[in-house]
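Read in order, the letters of the sequence shown correspond to residues 1 to 233 in full-length UniProt numbering. Glycine included, each C-beta is placed from N, C-alpha and C at the ideal position. So the structure is just underneath, and the comments pick up after that.
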Amino acid sequence: NFAFKDNDVVAVTYPKSGTIWMQEILPLLLNKGDLTPLQTIPNWDRVPWLEEKRLALIEDQLPTPRAMVTHFPYHLMPPSLHTSKAKVIYVMRNPKDVLVSSYYFHQMAAFLQDPGTFDEFLTTFLEGKVLFGKWTDHVKSWRHTDLGDRIMFITYEEMVQDLPAALRRLSEFLGCNLSDQVIQKIAEHCSFKMMKKNPMSNFSLVPSQYMDSSKSPFLRKGVAGDWKNHFSS
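Here you go:
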């Protein structure tokens, strides 16, 4: 029943594909680099999850344009997405890295099943017996939509390789028209190093009975290609 507005922006990801990164980036693009939200508001309230009940509690408090994130496949999106002019940013990541990141997340998140060994979790992942199903099905659902020029695709890897360039692409898609100086400022504050230090972004505010960072930090590496350290040749 969620009602999208014409100027809403929603970042869509399969889990562990850059969602938290987009929660950091979107407010800064939309508010032209104002750092206040990053320093004062937890990311789950700054850019709320479409599938979480908390959205209904803070929906009216969100600045305009509103930014949200979701892991929903296309067919589960609210009907209002199709009748509005809201924009969608779909972030894709190498599924091998998604698997590795998901494996460590399952170790530290008490609300998820124990992953077992890496080989066991590999089988679970490939069979789609994880939240939001198979990676391939999720990507396909968003590659074949009727959203036209309202949807933009970007990869985690290109953001890692050249974040300022990725931010320029996002800025142009959103019609933000930001200067190079502002883009550079946003890139600096959305670096993995800065996010890992920011309690509003690193999930350190979440009680350890829900997320135990002693088992694995929520923000672990923030790199592309870590799968090479886990897969046999």
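- In summary, Thr36 is exposed, with fewer than 16 beta-carbon neighbours lying within 10 Å of its beta-carbon over all protein chains present.
- The beta carbon of Gly128 sits closer than 6 Å to the beta carbons of Lys134 from its chain, once the five residues preceding and following it are set aside; these are given in chain order.
- Looking from the CA of Lys96, the closest CA among Glu188, Asp45, Asp146, Asp119 belongs to Asp119.
- Rounded to the nearest angstrom, the gap between the Cα atoms of His230 and Thr117 is 12 Å.
- Taken through DSSP and simplified to helix, strand or coil, Ala3 comes out as coil.
- Contact annotation: Lys85 and Arg169 have beta-carbon atoms that are not nearer than 8 Å.
- For Ser80, the CB contacts under 6 Å within the same chain, skipping 5 residues up- and downstream, are Ala3, Phe4 in chain order.
- As the crow flies, the alpha-carbon of Pro199 is around 21 Å from that of Gln107.
- Under the DSSP assignment, Ile186 falls in the alpha helix (DSSP H) whose first and last residues are 180-189.
- Per DSSP, reduced to three states, the secondary structure at Thr155 is strand.
- Cα atoms of Lys32 and Arg143: separation of roughly 29 Å, rounded to the nearest angstrom.
- The beta-carbon separation of Leu167 and Ala187, rounded to 6 Å, stays under the 8 Å limit for a contact.
- Taking 8 Å as the cut-off, the Cβ atoms of Ala11 and Val98 do not count as close.
- Inside the region 35-80, DSSP marks whole alpha helix (DSSP H) runs of 4 or more residues at positions 36-40, 43-46, 54-58, from first to last along the chain.
- Take the alpha-carbon of Val47 and the one of Ala165: they are about 22 Å apart.
- If you compare the alpha carbons of Ser171, Leu76, Asp226, Asp137 with that of Leu26, the shortest gap goes to Ser171.
- Runs of the alpha helix (DSSP H) spanning 4 or more residues and lying entirely within the region 96-138 occur at 118-126, in chain order.
- Note on geometry: alpha-carbon atoms of Thr40 and Pro15 lie some 25 Å from one another.
- Separation of the CB atoms of Leu38 and Ser201 is rounded to 7 Å, and the pair is thereby assigned contact status at 8 Å.
- Residue pairing by DSSP places Ile89 opposite Ala11, Met152 in a beta bridge.
- Secondary structure at Phe231: coil, using DSSP grouped into helix, strand and coil.
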